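This report concerns only the one structure given below.
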Amino acid sequence: MEYIHSKDIFLLMRDTLKLVDRRAMDHGSRVAYYLYKMLECKGGYEKYELADFAFMASMHDIGAYKTDNPKDMLQYELRTSLPHSTYGYLVFKHLSPISELAPVILYHHTDYAQLKTLNFGYKDITAYLNLAEKVDIYSVALGDKFELSMFDKQAEKVVSREALRLFQKAVDDFDVLTKVRKGQYKEELDDIISYLIFNNDDKKKYLEMLMYCQGFRRESAVVNTVTCMCIAESLAQRMGVGSLDREEMYYGALLHDIGMVAIPNEIIDAPRPLTEDEYKKVRMHVHVAEKVLHSRMAPEVVEIVAAHHERCDGSGYPRGLREAQMNIRQEIVQLADAVTALLDKRSYRAAFTEQEMQDIIRQDSEAGKYDRVIVKTFFDYYEEIMQHMKERVEEILTTYRKINRQFRQVSGKMKSNH
14 MEYIHSKDIF LLMRDTLKLV DRRAMDHGSR VAYYLYKMLE CKGGYEKYEL
64 ADFAFMASMH DIGAYKTDNP KDMLQYELRT SLPHSTYGYL VFKHLSPISE
114 LAPVILYHHT DYAQLKTLNF GYKDITAYLN LAEKVDIYSV ALGDKFELSM
164 FDKQAEKVVS REALRLFQKA VDDFDVLTKV RKGQYKEELD DIISYLIFNN
214 DDKKKYLEML MYCQGFRRES AVVNTVTCMC IAESLAQRMG VGSLDREEMY
264 YGALLHDIGM VAIPNEIIDA PRPLTEDEYK KVRMHVHVAE KVLHSRMAPE
314 VVEIVAAHHE RCDGSGYPRG LREAQMNIRQ EIVQLADAVT ALLDKRSYRA
364 AFTEQEMQDI IRQDSEAGKY DRVIVKTFFD YYEEIMQHMK ERVEEILTTY
414 RKINRQFRQV SGKMKSNH
């Protein structure tokens with residue numbers, strides 16, 4: 014079953030990251046459009062190749078979401094570009110199906126004189142992206158005063174002369190600066206993105222990449238998502254749930270907390286119990302997730318995401334659904350998420366012990382909050398389920414920590430070369 018179309022992968026990633034900082038993704042979209050039209054002027058590319066380059070360009074600043082303040086674009090673009098370029102490179106290298114384009118992200122701030130001396134593929138694309146990004150930054154800052162000729166003195170030193178030629182041709186042939194200034198470029202960008210071709214494994218990898226992006230703000234977000242996924246998967250297998258339903262649950266659990274990226278850090282990291290108003294804002298993460306996923310993911314998956322805080326007795330949120338209004342997939346993920354939340358350390362409390370978690374789940378089950386058959390299965394196979402979960406979490410964190418370790422190593426090496 015196709016749970017999401019290739020173009021919707023792009024739209025989902027773009028709109029999710031916009032929840033963290035809209036400016037960075039709007040910048041990425043404009044740069045992607047500039048690069049796409051430059052390559053169209055150059056010629057020789059298939060539509061699907063242009064789509065891949067546009068996708069990469071739109072995400073070229075993904076590493077900025079790992080910085081202390083992703084909203085300070087001038088800081089990470091013009092003053093300290095190394096950290097976000099390095100982290101974005103590692104994310105694409107280890108997590109993206111188009112890992113061969115990762116060096117483009119790593120070197121997209123490198124002056125052309127130095128870029129020419131390096132040995133890697135797609136140096137021309139890197140040079141074009143370098144100029145496209147500079148044009149966007151300065152044209153936004155200067156408005157009508159911006160002139161492409163301001164880069165002429167930097168030709169072959171900071172920027173590529175060929176890149177300047179292609180951008181000028183894009184201005185002459187497609188009036189790209191005017192279209193961007195008036196917001197008229199979006200339809201063309203959406204059109205080329207529609208040529209993206211991802212197989213099911215690629216789509217799964219991109220959605221998992223999106224899960225890792227939630228960990229940019231805090232590692233626990235990745236741990237919690239994987240914990241929920243593994244508990245739900247093990248429970249479903251032991252209850253004889255069919256493979257199609259289990260796959261829907263996998264994606265539902267993978268994306269269930271995607272709306273949390275929209276919740277301010279000061280609320281998530283509050284060193285005290287939340288106020289009623291703050292708790293209402295946290296509860297909005299379900300609506301945010303449903304809105305982002307609607308019409309992109311299969312409705313069966315969206316239903317799981319939308320119901321992960323509902324309870325069988327009607328005491329959950331946001332709709333107060335009761336057991337008769339839900340299915341087993343939703344109810345399994347609800348229990349998996351509740352177990353995960355209890356085992357998670359919060360800023361205002363320590364994590365509950367496994368015994369404390371078990372006692373709470375049993376009490377809530379007796380009160381009618383969870384399906385009793387699901388809870389019984391959970392405890393009947395408790396050791397197996399938890400062992401599988403711990404092994405899988407460690408496997409995922411190995412990749413996550415590998416990216417962070419290489420980030421420190423690559424940053425140190427590149428600093429020593431400057």
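Numbered as in my numbering, the sequence shown ends at 431 without a single skipped number.
Ideal Cβ placement from N, Cα and C applies to all residues, glycine included.
Since the model is a prediction, treat every value here as computed from it, not as a measurement.
| said: Per the DSSP calculation, alanine 168 is bridged to which residue(s)? | reply: If you number the sequence shown from 1, residue 168 lands on position 155. Note: alanine 168 sits in a beta bridge opposite Val172.
| task | Using 10 angstroms around the beta-carbon of leucine 25, count the other beta-carbons present and answer buried if the total reaches 16, otherwise exposed. | result | If you number the sequence shown from 1, residue 25 lands on position 12. With 16 or more other Cβ atoms within 10 Å, it is buried.
| Proximity winner among His321, Tyr198 and Asp149, relative to tyrosine 330 (alpha-carbon distances) | Here residue 330 refers to the residue found at position 317 of the sequence shown. Per the Cα distances, His321.
| query | Tell me which same chain residues have a C-beta within less than 6 Å of the C-beta of leucine 268, skipping the five on either side of it? | reply | The residue you call residue 268 lines up with position 255 of the sequence shown. Counting only Cβ-Cβ distances below 6 Å, and skipping sequence neighbours, we find Val318.
| query | What is the C-beta distance between valine 117 and threonine 139, in whole angstroms, given that I count them as a contact (C-beta under 8 Å)? | reply | Within the sequence shown, the letter at position 104 stands for residue 117. Within the sequence shown, the letter at position 126 stands for residue 139. At roughly 5 Å, the Cβ-Cβ gap stays under 8 Å, so valine 117 and threonine 139 are in contact.
| field | Proximity winner among Asp326, Tyr383 and Gln197, relative to aspartate 350 (alpha-carbon distances) | value | As a first step, residue 350 must be located in the sequence shown, where it is residue number 337. Minimum Cα distance to aspartate 350 is reached at Tyr383.
| task | List the residues that DSSP assigns as beta-bridge partners of aspartate 326. | result | Position 313 of the sequence shown, counting from 1, holds the residue named residue 326. DSSP, once it has assigned bridges, lists Arg335 as partnering aspartate 326.
| message | Mapping the DSSP letters down to three states, classify arginine 43 as helix, strand or coil. | response | Locating residue 43 in the sequence shown gives position 30, counting from the first residue. If DSSP states are grouped into helix, strand and coil, arginine 43 belongs with the helices.
| query | Less than 7 Å separating the beta-carbons of glutamate 260 and valine 314? | reply | Reading the sequence shown from its first residue, position 247 is the one you call residue 260. Reading the sequence shown from its first residue, position 301 is the one you call residue 314. Not closer than 7 Å, so no.
| field | Exposed unless 16 or more other CB atoms sit within 10 angstroms - verdict on isoleucine 387 | value | Indexing the sequence shown from 1 puts residue 387 at position 374. By the neighbour-count criterion, in which 16 or more other beta carbons inside 10 Å mark a residue as buried, isoleucine 387 falls on the buried side.
| request: Report yes if the CB atom of lysine 79 is closer than 7 Å to the CB atom of phenylalanine 229, and no otherwise. | output: Locating residue 79 in the sequence shown gives position 66, where the first residue counts as 1. Locating residue 229 in the sequence shown gives position 216, where the first residue counts as 1. The answer is yes: Cβ separation under 7 Å.
| said: Rounded to whole angstroms, what is the Cα-Cα separation between leucine 95 and arginine 362? | reply: Walking along the sequence shown from the start, residue 95 turns up at place 82. Walking along the sequence shown from the start, residue 362 turns up at place 349. About 36 Å.
| Can the beta-carbon of tyrosine 394 be found less than 7 Å from the beta-carbon of isoleucine 210? | Counting from one through the sequence shown, the residue named residue 394 turns up at place 381. Counting from one through the sequence shown, the residue named residue 210 turns up at place 197. Contact: no.
| In chain order, which continuous runs of the beta strand (DSSP E) of length 3 or greater are located wholly inside the segment 15-67? | Entirely contained in the segment 15-67, not one beta strand (DSSP E) run reaches 3 residues.
| task | Output the distance between the C-alpha atoms of glutamine 376 and asparagine 212, rounded to the nearest integer angstrom. | result | Start at 1 with the first residue of the sequence shown, and residue 376 comes out as number 363. Start at 1 with the first residue of the sequence shown, and residue 212 comes out as number 199. For glutamine 376 and asparagine 212, the distance between alpha carbons rounds to 44 Å.
| said: In chain order, what are the residue ranges of uninterrupted beta strand (DSSP E) at least 3 long that sit wholly in the segment 151-215? | reply: Positions of the beta strand (DSSP E) runs, each at least 3 residues long and wholly inside the segment 151-215, cannot be given because no such run exists.
| Cβ-based burial, glutamate 369 [other Cβ within 10 Å; buried from 16] | One-based indexing of the sequence shown puts residue 369 at position 356. Its Cβ having fewer than 16 others within 10 Å, glutamate 369 is exposed.
| field | Span separating the alpha-carbon of methionine 252 from that of threonine 390 | value | Locating residue 252 in the sequence shown gives position 239, where the first residue counts as 1. Locating residue 390 in the sequence shown gives position 377, where the first residue counts as 1. About 7 Å.
| query | Less than 7 Å separating the beta-carbons of phenylalanine 32 and alanine 302? | reply | For the purposes of this step, residue 32 is taken as the residue at position 19 of the sequence shown. For the purposes of this step, residue 302 is taken as the residue at position 289 of the sequence shown. Per the sequence shown, the amino acid found at residue 32 is leucine instead of phenylalanine. Result no, Cβ atoms of leucine 32 and alanine 302 do not sit closer than 7 Å.
| By a C-beta neighbour count over all protein chains shown, 10 Å radius and 16 as the cutoff for buried, is leucine 257 buried or exposed? | Stepping through the sequence shown from its first residue, residue 257 is reached at position 244. Exposed.
| message | Measuring CB atoms only, is the segment 223-237 touching the segment 403-410, in the sense that at least three cross pairs come out at less than 8 Å? | response | As far as the Cβ criterion goes, the segment 223-237 touches the segment 403-410, which means the pair count is three or higher.
| task | Taking only the alpha-carbon atoms, compute the straight-line gap between aspartate 282 and tyrosine 292 and give it to the nearest angstrom. | result | By 1-based counting over the sequence shown, the position of residue 282 is 269. By 1-based counting over the sequence shown, the position of residue 292 is 279. Distance between the alpha carbons of aspartate 282 and tyrosine 292: 13 Å.
| message | Using only the alpha-carbon positions, how far apart do histidine 121 and lysine 166 sit? | response | In the sequence shown, counting from the first residue as 1, residue 121 sits at position 108. In the sequence shown, counting from the first residue as 1, residue 166 sits at position 153. If you take the alpha carbons of histidine 121 and lysine 166, they lie about 19 Å apart.
| request: May I ask you to report which of helix, strand or coil DSSP gives arginine 92? | output: Numbered from its first residue, the sequence shown carries residue 92 at position 79. Caution applies to arginine 92, whose pLDDT of 48 falls short of 50 and renders its modelled position unreliable; the value that the coordinates give is listed next. Three-state result, arginine 92: helix.
| glycine 359 bridges to which residues according to DSSP? | Taking the sequence shown and counting its residues from 1, one reaches residue 359 at position 346. Rather than glycine, the amino acid found at residue 359 in this sequence is arginine. Answer is Arg362.
| request: Take the Cβ of glutamate 289 as the centre, count every other Cβ of all protein chains shown within 10 Å, and call the residue buried at 16 or more, exposed below. | output: Translated into positions along the sequence shown, residue 289 becomes position 276. An exposed status is given to glutamate 289, since fewer than 16 other beta-carbon atoms sit within 10 Å of its beta-carbon.
| task | With DSSP collapsed to three states, give me the class of serine 112. | result | Residue 112 sits at position 99 when you count from the first residue of the sequence shown. Secondary structure at serine 112: helix, using DSSP grouped into helix, strand and coil.
| Stretch pair the segment 178-195 + the segment 45-63: three plus CB contacts closer than 8 Å | Yes, since at least three Cβ pairs between the segment 178-195 and the segment 45-63 fall closer than 8 Å, the two stretches touch.
| If you draw a straight line from the C-alpha of leucine 114 to the C-alpha of proline 284, how long is it? | Residue numbering aside, residue 114 sits at position 101 when the sequence shown is read from its first letter. Residue numbering aside, residue 284 sits at position 271 when the sequence shown is read from its first letter. A straight line joining the alpha-carbon of leucine 114 with that of proline 284 spans about 41 Å.
| Span separating the alpha-carbon of leucine 30 from that of aspartate 270 | Sequence index remark: in the sequence shown, residue 30 carries index 17 (1-based). Sequence index remark: in the sequence shown, residue 270 carries index 257 (1-based). If you take the alpha carbons of leucine 30 and aspartate 270, they lie about 14 Å apart.
| request: Quick one: residues in its chain with C-beta nearer than 8 Å to the C-beta of tyrosine 413, no 5 flanking neighbours on either side, listed in chain order? | output: Here residue 413 corresponds to residue number 400 of the sequence shown, with the count starting at 1. Excluding sequence positions up to five before and after tyrosine 413, its CB lies within less than 8 Å of the CB of Tyr225, Gly228, Glu232 and Val235, all in the same chain and listed in chain order.
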